[in-house]
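First the structure, in the form of structure tokens, and then the observations on it.
2 protein chains.
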Amino acid sequence: MADPMYRQIAEDLQRRIESGEPAPGAQLPTELELRERYDASRNTVRDAIKWLITRGLVETRPGQGTFVTERITPFVSTLTGPPEGKETYVYLAEVVASSRTPDMSDPRVEMQRATGNVASALHIPEGTSVVSRHQQRFIDGTPWSLQTSFYPMALVEQGATKLIQATSIEPGTVDYLAEKCGIKQVGYRDSIAVRPPNEVEAAFFKLPADGRVSVFEVYRVGFDQDGARFRLTVTVYPADRNRLVAWVGDVPAVELED
Amino acid sequence: MADPMYRQIAEDLQRRIESGEPAPGAQLPTELELRERYDASRNTVRDAIKWLITRGLVETRPGQGTFVTERITPFVSTLTGPPEGKETYVYLAEVVASSRTPDMSDPRVEMQRATGNVASALHIPEGTSVVSRHQQRFIDGTPWSLQTSFYPMALVEQGATKLIQATSIEPGTVDYLAEKCGIKQVGYRDSIAVRPPNEVEAAFFKLPADGRVSVFEVYRVGFDQDGARFRLTVTVYPADRNRLVAWVGDVPAVELED
DNA sequence: GCAAATTTGTTCGTATGTATT
DNA sequence: CAATACATACGAACAAATTTG
Numbered sequence: 013m014a015d016p017m018y019r020q021i022a023e024d025l026q027r028r029i030e031s032g033e034p035a036p037g038a039q040l041p042t043e044l045e046l047r048e049r050y051d052a053s054r055n056t057v058r059d060a061i062k063w064l065i066t067r068g069l070v071e072t073r074p075g076q077g078t079f080v081t082e083r084i085t086p087f088v089s090t091l092t093g094p095p096e097g098k099e100t101y102v103y104l105a106e107v108v109a110s111s112r113t114p115d116m117s118d119p120r121v122e123m124q125r126a127t128g129n130v131a132s133a134l135h136i137p138e139g140t141s142v143v144s145r146h147q148q149r150f151i152d153g154t155p156w157s158l159q160t161s162f163y164p165m166a167l168v169e170q171g172a173t174k175l176i177q178a179t180s181i182e183p184g185t186v187d188y189l190a191e192k193c194g195i196k197q198v199g200y201r202d203s204i205a206v207r208p209p210n211e212v213e214a215a216f217f218k219l220p221a222d223g224r225v226s227v228f229e230v231y232r233v234g235f236d237q238d239g240a241r242f243r244l245t246v247t248v249y250p251a252d253r254n255r256l257v258a259w260v261g262d263v264p265a266v267e268l269e270d
Numbered sequence: 013m014a015d016p017m018y019r020q021i022a023e024d025l026q027r028r029i030e031s032g033e034p035a036p037g038a039q040l041p042t043e044l045e046l047r048e049r050y051d052a053s054r055n056t057v058r059d060a061i062k063w064l065i066t067r068g069l070v071e072t073r074p075g076q077g078t079f080v081t082e083r084i085t086p087f088v089s090t091l092t093g094p095p096e097g098k099e100t101y102v103y104l105a106e107v108v109a110s111s112r113t114p115d116m117s118d119p120r121v122e123m124q125r126a127t128g129n130v131a132s133a134l135h136i137p138e139g140t141s142v143v144s145r146h147q148q149r150f151i152d153g154t155p156w157s158l159q160t161s162f163y164p165m166a167l168v169e170q171g172a173t174k175l176i177q178a179t180s181i182e183p184g185t186v187d188y189l190a191e192k193c194g195i196k197q198v199g200y201r202d203s204i205a206v207r208p209p210n211e212v213e214a215a216f217f218k219l220p221a222d223g224r225v226s227v228f229e230v231y232r233v234g235f236d237q238d239g240a241r242f243r244l245t246v247t248v249y250p251a252d253r254n255r256l257v258a259w260v261g262d263v264p265a266v267e268l269e270d
């Protein structure tokens with residue numbers, strides 16, 4: 013008398029899937045067939061399938077059936093780079109092979125008052141005016157990440173007026189701020205957390221509506237030559253198709269591996 | 013005619029929880045009470061609660077009720093440090109306050125043949141003999157991470173015999189290998205992924221059995237002065253109570269914030 | 001383009017088991 | 001031991017999405 017029946021069914025299916033039969037992409041027997049095979053009710057079979065869904069082993073498509081999930085070759089983003097560097101580097105099998113590059117939408121620019129998270133990350137009082145620049149980023153058409161950068165409004169007053177224009181800043185915001193305000197980024201710090209996606213994120217990344225796939229949330233704070241914080245960038249990556257890399261010291265170039 | 017009823021119930025409850033009523037830790041009305049409030053069946057109410065569980069908003073305790081989950085103050089681990097550095101640094105509110113330190117079990121040492129992941133990370137052929145050293149790590153009694161390091165058996169043959177003893181190597185394995193084999197770690201690379209926990213991990217970290225809370229998996233490969241890979245460390249952290257930090261360039265010491 | 005068949009999604013009702021107080 | 005509350009399991013019906021004829 014060990015596990016409940018739905019767990020036993022789920023574990024039997026899991027063993028079969030992990031042994032490669034049915035293979036990734038292939039369809040499982042229908043709920044009615046499984047009901048007969050395991051001599052259980054359809055609801056119990058559905059509980060077993062739900063358990064497998066939560067673990068990412070299968071996915072269901074209404075009107076079609078239940079399928080073994082296929083492994084995605086992940087995008088690899090490197091967090092570490094030159095302190096004065098512009099953006100996060102990305103390596104991925106397809107990019108390397110076909111020299112495709114990330115693509116991003118024009119920014120949506122908003123004036124906001126700094127709320128708790130933003131204020132404490134930038135070390136400014138809550139309610140301080142900030143500019144937020146929000147972009148959707150794609151790789152080869154696939155939604156890759158959502159990025160929002162926050163800058164104190166004071167920078168705009170110091171001449172960095174492009175910050176409040178809804179166009180990309182070339183060759184990069186860090187260079188632009190150095191030129192306009194004399195702010196040089198001498199370092200940055202990333203803080204990485206994992207959480208379930210909100211509705212906007214789930215829709216953009218086309219994540220399953222059940223909130224099973226979580227997202228990486230990377231807070232990057234930029235420091236200038238005076239040790240002051242002048243920029244916060246929050247980047248959200250779906251955890252099912254992304255991998256982050258950080259390195260220290262003397263290491264060879266990144267290849268693709270585990 | 014928008015969402016199904018269980019979603020509407022879930023979203024109503026979510027709004028209430030996010031507005032702070034009921035507060036974290038407090039109990040929700042029982043399933044039977046909710047059944048009456050929303051004029052739905054108990055099963056539909058349970059579907060709504062399942063949806064909230066998946067998103068980490070509530071948890072159920074058999075015989076007691078359904079409760080709003082409490083936020084955990086996370087452990088913060090810093091990935092970046094000196095290349096020749098020994099271990100990952102940890103900062104956390106309680107540790108800083110009461111100067112508590114991480115605590116780890118004696119290693120479980122095994123001789124293994126390198127499988128796919130290990131072999132490709134260490135750039136050795138599959139089947140090569142390796143030593144694995146597995147440790148459980150706690151902070152103030154709380155399960156914090158599971159760590160397994162893999163070393164090519166060749167290092168043992170070169171004199172690093174402590175690798176196959178089931179005791180901690182003080183002051184650190186990196187120092188020990190420098191002394192015994194002349195291998196100096198000049199850099200390392202971390203690769204961070206997120207996945208659902210396996211059964212061992214779920215049990216050790218006391219994660220909910222439904223696989224909802226995922227884990228960080230950090231692969232750290234150490235490189236020596238010849239650019240060769242001599243060590244792979246795989247560390248697994250439960251994502252609900254951990255946060256990773258990486259920094260580049262000149263940044264002030266870490267404080268606790270978002 | 002439409003209708004039928006197939007398959008999963010939602011909702012109800014009911015009964016019994018198990019954990020906690 | 002009894003009461004309470006969640007967990008599991010069954011059966012049934014209809015809805016919604018998709019494919020097929």
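For the protein sequence lines, the chains are A and B, in the order given.
First residue of the first sequence? That's 13 in the numbering used here, and the numbers climb one at a time after it.
First residue of the second sequence? That's 13 in the numbering used here, and the numbers climb one at a time after it.
All C-beta atoms, glycine included, are put in the ideal place defined by N, C-alpha and C.
A quick note: this is a predicted structure, and the numbers were derived from the prediction, not measured.
Given this structure, state the Cα-to-Cα distance separating Glu71(A) from Ala60(A), to the nearest angstrom. 12 Å
Status (buried if at least 16 other CB within 10 Å, exposed otherwise) for Gly272(A): Residue 272(A) cannot be examined here, being either before or after the span of chain A that is shown, 13 to 270.
Which same chain residues end up closer than 7 Å to Asp188(A) when comparing Cβ atoms and leaving out the 5 residues on each side of it in sequence? In the sequence as displayed, the identity of residue 188(A) is Tyr instead of Asp. Here the set comprises Ala172, Lys174, Ile181.
Whole angstroms is fine: what's the gap from Ala35(A)'s alpha carbon to Phe228(A)'s? 29 Å
Between which two residues does the beta strand (DSSP E) carrying Arg10(A) extend? Within the shown structure, residues of chain A are numbered from 13 to 270, placing residue 10(A) beyond reach of any answer.
Quick one: is Glu211(A) buried, meaning 16 or more other Cβ sit within 10 Å of its Cβ, or exposed? exposed
Once you ignore the five residues that flank Arg73(B) on each side, which residues in its own chain have a CB closer than 8 Å to its CB? Phe79
Ile204(B) versus chain A: which residues are under 9 Å apart at the beta carbon? Leu91, Ile204, Phe228, Arg255, Leu256, Val257, Ala258
Determine whether the beta carbon atoms of Gly261(B) and Asp262(A) lie at a separation below 8 Å. no
Rounded to a whole number of angstroms, what is the C-alpha to C-alpha distance between Thr81(B) and Lys62(B)? 14 Å
Compare the C-beta of Thr185(B) against all C-beta atoms of chain A and say whether one is closer than 8 Å. no
Counting only Cβ pairs nearer than 8 Å, list the residues of chain B close to Thr81(A). Chain B residues near Thr81(A): none, gap ~12 Å exceeds 8 Å.
For Gly209(B), the nearest candidate out of Arg67(A), Pro155(A), Ser144(A), Asp202(A) (CA to CA): Position check: residue 209(B) holds Pro in this sequence, whereas Gly was assumed. Per the Cα distances, Arg67(A).
For Pro119(B) versus Gln147(B), is the C-beta spacing smaller than 8 Å? yes
I think Ser89(A) touches Leu244(A), with their Cβ atoms under 8 Å apart; what is that distance to the nearest whole Å? Incorrect: roughly 18 Å between the Cβ atoms, too far for contact.
In the region 55-89 of chain A, which residues sit with their C-beta less than 7 Å from some C-beta in chain B, listed in chain order? Thr66, Arg67, Gly68
Mapping the DSSP letters down to three states, classify Gly68(B) as helix, strand or coil. coil
Output needed for Thr92(A): all residues of its chain with C-beta closer than 8 Å, excluding positions within five of it in sequence on either side, in chain order. Val257, Ala258, Trp259, Val260
At least one CB of chain A closer than 8 Å to the CB of Phe235(B): is that the case? yes
8 Å Cβ cutoff met for Ala133(B) and Val206(B): no
Anyone know if the C-beta pair for Leu69(B) and Gln26(B) falls short of 8 Å? yes
From Pro16(A) to Arg58(A), what distance separates their C-alpha atoms? 13 Å
Taking Cβ to Cβ, would you say Gln177(A) is nearer than 8 Å to Phe235(A)? no
Going by beta carbon distance, what residues of the same chain come within less than 8 Å of Thr127(A), once the five residues before and after it are set aside? Glu138
Tell me, please, which residues DSSP counts as bridged to Gly234(A). Tyr200(A), Arg243(A)
Every unbroken beta strand (DSSP E) within the region 141-214 of chain A, with a cutoff of 3 residues, ordered by chain: 141-151, 154-164, 197-207
Report all residues from its chain with a CB closer than 8 Å to the CB of Met165(A); omit the five preceding and five following residues, and keep chain order. Met123, Thr140, Ser141, Val142, Val143
Enclosing beta strand (DSSP E) for Val121(B) [first to last residue]: 120-125
Between which residues of its own chain and Val246(A) is the CB-CB distance below 6 Å, once the five residues before and five after are set aside? Thr160, Tyr231
Starting from the C-beta of Thr179(B), find all residues in its chain whose C-beta is less than 8 Å away, skip the five residues before and the five after it, and write them out in chain order. Asp118, Pro119
Pull up the distance between the alpha-carbon of Leu167(B) and that of Glu213(B), whole angstroms please. 29 Å
In the DSSP assignment, find the unbroken alpha helix (DSSP H) run with Gly32(A) in it and report its ends. It is not in any alpha helix (DSSP H) - Gly32(A) carries neither H nor E in the DSSP assignment.
Any beta-carbon of chain A closer than 8 Å to the one on Gly194(B)? no
Within chain B, the residues that Arg201(A) reaches when beta carbons sit closer than 7 Å: Val257, Trp259, Val263
If you reduce the DSSP assignment to three classes, tell me which class Ser132(A) lands in. helix
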